[in-house]
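Numbering (the numbering used here), first residue to last: 11 to 240.
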């Protein structure tokens, strides 16, 4: 069984790398936007990581609700794995957005609705991971994380509404022409496969008894106040 799983994982990541390589090739060959210039090609990475940030946070929410309903450890492990990938994608989203803004508008950052809610989303899931490490009890950690993970997802519809309803420095149109879509969809497939693969890998790691024992034995990063005073 382990050999079969290893073979499947190898094929999966080989296909992922193939999609990524094809995406890079198509992005290089894609036409340059007449208004924004070469920096517009960041959309091939920026948009897929944005979509996958939302998808990963949705997995956190679903897994959190699953834990609250069934109290199964697998739901907590899945939520934690998806939260880590949410933070990773959110970091890439913010960095590519900042670089794009600096080149396009000579601004590293502006407190526009889209950027503000994106930063809040990233901070919420980073806090999720930090809070988990501060709680020693596995049961209490899973319960607190589940409630937090379900509520944190509310930022996603707020971000969507902000994009649709509030004025923003970002363009409302993508500016993509038909010749750019093959590169975009290939990158979308590659980033989605990377995100899904990372969630699955982190989830599988968390299910290993040795990993769970080491994690529980290490305790929280910051000891409880009672332990410091007693």
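The beta carbon of each residue, even a glycine, is placed where N, CA and C say it ideally should be.
Which of the three DSSP states is assigned to residue i in this structure?
i           : result
residue 43  : strand
residue 189 : helix
residue 33  : helix
residue 241 : Coverage of the chain is limited to positions 11 through 240, which leaves residue 241 absent and any answer about it impossible.
residue 212 : helix
residue 163 : coil
residue 2   : Nothing can be reported for residue 2: it is not among the residues displayed for the chain, which extend from 11 to 240.
residue 55  : helix
residue 111 : helix
Would you kindly work out how many angstroms separate the C-alpha atoms of residue i and residue j, rounded to a whole number?
i           : j           : result
residue 191 : residue 153 : 43 Å
residue 144 : residue 193 : 42 Å
residue 22  : residue 202 : 12 Å
residue 80  : residue 12  : 28 Å
residue 218 : residue 164 : 32 Å
Is residue j closer than 9 Å to residue i when the C-beta atoms are compared?
i           : j           : result
residue 25  : residue 90  : no
residue 55  : residue 101 : no
residue 35  : residue 200 : no
residue 62  : residue 97  : no
residue 78  : residue 160 : yes
residue 135 : residue 162 : yes
Pick out whichever of the options has its Cα sitting closest to the Cα of residue i.
i           : options           : result
residue 157 : 43, 71, 21, 38    : 71
residue 18  : 63, 218, 207, 212 : 207
residue 195 : 49, 23, 76, 59    : 59
residue 197 : 50, 31, 187, 122  : 31
With 16 other CB atoms within 10 Å as the buried threshold, where does residue i fall?
i           : result
residue 39  : exposed
residue 116 : exposed
residue 74  : buried
residue 16  : exposed
residue 147 : exposed
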